[in-house]
Every structure is written in C-alpha cells, then in structure tokens.
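**Q** Taken in sequence, the protein lines are chains Z and W.
Just remember that this note's numbering sits 896 ahead of the position in the first sequence, which is counted from 1.
Just remember that this note's numbering sits 896 ahead of the position in the second sequence, which is counted from 1.
Think of the CB as a built atom: it goes at the ideal place given N, C-alpha and C, for glycine as much as any other residue.
Number of protein chains: 2
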Amino acid sequence: MSVTRERRERERAQRHQLIITAARELAEAEGWEAVTTRRLAERVEYSQPVLYSHFSGKDAIVRAVAIDGFGELAAHLHRARPADPEPRQALHAVCRAYLEFATERPALYQAMFVLPTDVKFAHAETPPPLRAAFDEFVSCFRPDDARRELFAEVVWSALHGMAVLSDSGRIPSDGQEERLDFLVARFSDTPG
Amino acid sequence: MSVTRERRERERAQRHQLIITAARELAEAEGWEAVTTRRLAERVEYSQPVLYSHFSGKDAIVRAVAIDGFGELAAHLHRARPADPEPRQALHAVCRAYLEFATERPALYQAMFVLPTDVKFAHAETPPPLRAAFDEFVSCFRPDDARRELFAEVVWSALHGMAVLSDSGRIPSDGQEERLDFLVARFSDTPG
DNA sequence: CAGGATGTCTAGCGTTGCTAGGATGTCGTC
DNA sequence: GACGACATCCTAGCAACGCTAGACATCCTG
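Laid out in structure tokens, this is it:
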C-alpha cells in the first residue's frame, strides 16, 4: 500500500478516461466505423493490448462512452428546463434540448441510443443519469397523471425517431424545427 | 442473340434474386452481423466472387434487400387501411400495421430504416414503393390540410422511434400497444 | 541485491470485405 | 468439326479487423 501504488492507480484511472475520450473524439470526428482498436491505441500512445487491460473489448469502450453521455444529456436537459414550469414551454424546451444534443454530438448519441447495447433501460440496474434524463421528460407532465411515464416514452420515441431519421438523411434535417413545434403542440398537457 | 443467351440472362436474373432472398433469410435468422460474404456465397452455392458480379459490394446487397422491403411495407400498409376512411381508425390501422411490420421482420426493417444507406428519401430518385408507403400515412390526414406531409413525418418518426427503441430493448416491448393508442389519440385529426 | 509481481510490447490467430489471375466451358466462324 | 474469342467461375491471396499468447522490461518487496 505504498505511495507508488496510489500514484499507479491514479495514472491508471487517468488512462482509463483517456481511452474513453479518445474513442469519443475519434467517433465524433470520423464516425464509429473509423474507431478501430489499432487507431485508438495509436491515439492514446499505447499498444492495443493495453486497451484490453482496461476494457473487456471494443463494446465495453463504446458502452463507457455512452454512459458518460447519459450524464451529459441529463445535465443538458435539466439546464434547458425553465425554472418556472409553464408546462407547455417546459416540454418544448426539453424536447428542443434533446434534439440539439442529438444533432451536435451525433456519434455520442449513436453510442447511447443506436448501437447495440446491453445497458439496462427502465430497469433496476439502469444508470442513474439515464433515469434522470428520462425523468426530465416525465416532469413535463402533470404529477397527478398516472400515465405520465407512458407520455414520456412516446415523446422520447418521437424525438428519437426524428433524430435518427434526420441524421441518416431519411427525413430532411431542415424541417426539424417545424416537426418539433407540431410534436409539442400535440403532446403538451395544455392544448392550444 | 441466341436462345442460349436468353436462358443465361434468365438464370442470371434468378440468381440475382436468389442472393437477395438468401441475404434476407440469413439476416432474419441470425441478424445482419451474421451475414458475411462467405456464408452468403455458401448459401447460394457459388463462390464469393460471384456475388461481386451481381452487386458492387455487401452494401449493395443490403440495399437490394431494403428496396424489396419497401414494396412489401407499402402493400402491407395499404392492406391495413380500411376502405371506409374514418380518419382516426384509418390512422390507427396504418400505424399498427407499421409496428407489426417492424416487429415481425426486424432484420428487414433494419436494412430499410436503420443501417446506413444511400437510398434517397423524400427526393426525386426516391423508390416509388417507399413513397407509396409514406403516402399511406399522408392519406390519413385531411387532403385540404397543407401540413399533412409534416404530420406524416412526425407520426412516422414516432413509430420509428417506438420500433427501434423497443427492438433494441430500450423501452419495454410489451407497452407498445398502449403507446400506439396514445400516439394515435394525440395525432388523429378528430380528437376525442 | 535477488525474486516475484506488475506492466507493456511484439507478433500472430482467425475472420472480415474484396480482388487478381488462371482454369473451364461455351459460342460464332471458317 | 476444329479453332480462336468470349464469358463464366473458382482458387488463392491481400489488407484490415477484434482479440490474445508469450516474451521482455520494470518495479516493489523481503
């Protein structure tokens, strides 16, 4: 339990995070198909096997990036929700923030919500930040409505669909604002 | 221009389709990650290079599968839409049919709407069956409403989100029916 | 200072998508 | 019917992939 050991562990933890951020940067710059273990190793200036001493495999690295993303998304949505919760404006703000997040960090978003994953959603083992992000949607609906979780699921599904279809060029990305307005108009508790 | 030549071309066309259906079956049975050029070649009882005399690469095979799927989806949605178009029931029927299609042919659905593609959506070069499928949604809204295309985009996005999030285990698949009901209630022209 | 644990690298395995080049067979012409 | 031209198909191989075994170096401990 020497001082050296502590330093080692600290360095190891730093390198762990370095791998995660390097994977994320590489993915954001060139897409996930460009993130190979060789390029990643080169980028962190270690050899390939070092990656495997930190993560069980490439999937685990992607998962680590995704989990980092959940925290950022939760924070981003929370910042966007106005303090005075006029319900419809709150929903609009949160939805817009969600689409912003997806558009500005497409690779991160893919790691979180598109790539195959074994992260548990809506489950006891769900990462707390992920649950927190989802709750930002739930909180946009009336607390006394028993179906607000259902509402949140559908709104989230719609936003996710808009995000991925737009990102993959399947719907024109310049109509996103209009679609957002329409979605919120239809889903907010206070119609009109 | 001999008879033999005609037979050759006929055989070639058959083999072309054989490759497509083999790829699709393999994907439906074991997922797209199991569809390798070697396994596909083995399945059609030819060597690998034969695939490349029909398609420019693996992506082109996936695209061909997807395009087949567009036709089937359009037909499936059209069958589902009732002749007497009570608007809300029509929308409900088409939406349910869409989700059915996605759940029952998940690999085909992925080829069409998830995997990277260069198929043109909402464009002059859009495959007609794809446009026809989209129009089944558009037709669920009042013809005099200039924004019905927008409505259709958002409904489609929501359904797509529900389909992929459920398929990848990110929302529980047994809530799909409830979500569908809620979606249609909020989006149909005739509220209530 | 020796011995064992820890950390890191080189080298290589099996698989992937894809392609070059040779063998085989079929066709139109003399 | 024999022959050159052509089309068809396969064997063999390339580079890149995720991942791992085993050798080397380095450091802490007794």
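Given Gln1006/W, which residues of its chain have a CB within under 7 angstroms of its CB, disregarding the five upstream and five downstream residues?
**A** As a first step, residue 1006/W is located in the second sequence; it is residue number 110 there, counting from the start. Excluding sequence neighbours, Gln1006/W sits near Trp928.
**Q** Would Phe874/W and Phe966/Z be called neighbours here (beta carbons separated by less than 8 angstroms)?
**A** The shown model of chain W, from 897 to 1088, leaves out residue 874/W, and the question about it has no answer.
**Q** Could you check what DSSP says for Glu929/Z in three-state terms: helix, strand or coil?
**A** The residue given as residue 929/Z occupies position 33 in the first sequence. Residue state, collapsed to three classes: helix.
**Q** Taking just the CA atoms, how far does Arg1043/W sit from Ala919/Z?
**A** Along the first sequence, one-based indexing puts residue 919/Z at 23. Along the second sequence, one-based indexing puts residue 1043/W at 147. C-alpha separation (whole angstroms): 42 angstroms.
**Q** Between Glu968/Z and chain W, is there a C-beta pair that is closer than 8 angstroms?
**A** Along the first sequence, one-based indexing puts residue 968/Z at 72. It does not; no Cβ of chain W falls within 8 angstroms.
**Q** Whole-angstrom Cβ separation of Glu1032/W and Arg1075/Z, contact assumed at under 8 angstroms?
**A** The count along the second sequence starts at 1 and reaches residue 1032/W at position 136. The count along the first sequence starts at 1 and reaches residue 1075/Z at position 179. So it is not a contact: roughly 19 angstroms between Cβ atoms.
**Q** Short of 6 angstroms in beta carbon distance, which residues of its chain neighbour Val940/W, apart from the five on each side in sequence? Order them along the chain.
**A** Counting from 1 along the second sequence, the entry for residue 940/W is found at position 44. So the list reads Leu914, Ile915, Ala918, once near-sequence residues are dropped.
**Q** Can you tell me whether Ala925/Z is buried or exposed? The criterion is at least 16 other CB atoms within 10 Å of its CB, across all chains shown.
**A** By one-based count along the first sequence, residue 925/Z stands at place 29. Ala925/Z comes out exposed.
**Q** Counting only runs of 4+ residues fully inside the region 1014-1088 of chain W, write out the alpha helix (DSSP H) ranges in chain order.
**A** Whole alpha helix (DSSP H) segments, 4+ residues: 1024-1034, 1044-1063, 1072-1083.
**Q** Please identify, using Cβ separations under 8 angstroms, the residues of the region 1050-1084 of chain W that lie next to chain Z, in order along the chain.
**A** Of all residues in the region 1050-1084 of chain W, Val1050, Trp1052, Ser1053, Ala1054, Leu1055, His1056, Gly1057, Met1058, Val1060, Leu1061, Ser1064, Gly1065, Arg1066, Ile1067, Pro1068, Gly1071, Glu1074, Arg1075, Phe1078, Leu1079, Arg1082, Phe1083 have a Cβ within less than 8 angstroms of some Cβ in chain Z.
**Q** State the start and end residues of the unbroken alpha helix (DSSP H) segment that holds Gly965/Z.
**A** Translated into the one-based positions of the first sequence, residue 965/Z becomes position 69. Gly965/Z -> alpha helix (DSSP H) spans 954-976.
**Q** Can a CB atom of chain W be found closer than 8 angstroms to the CB of Leu1046/Z?
**A** Within the first sequence, residue 1046/Z is the residue found at index 150, counting from 1. By this cut-off, Leu1046/Z is an interface position.
**Q** Give the residues of chain Z in contact with Phe1009/W, contact being defined as C-beta atoms less than 9 angstroms apart.
**A** The residue you call residue 1009/W lines up with position 113 of the second sequence. Per Cβ cutoff of 9 angstroms: Val1060, Leu1061, Ser1064, Arg1066.
**Q** Under a CB-based cut-off of 8 angstroms, is Phe885/W close to chain Z?
**A** The structure shown has nothing for residue 885/W, since chain W only spans 897 to 1088.
**Q** Please state the DSSP three-state secondary structure of Phe1009/W.
**A** By one-based count along the second sequence, residue 1009/W stands at place 113. Helix at Phe1009/W.
**Q** Quick one: is Pro1012/Z near chain W, going by C-beta distance under 8 angstroms?
**A** Along the first sequence, read from residue 1 onward, the residue named residue 1012/Z stands at position 116. For Pro1012/Z, the answer is yes, since a Cβ of chain W falls inside 8 angstroms of its Cβ.
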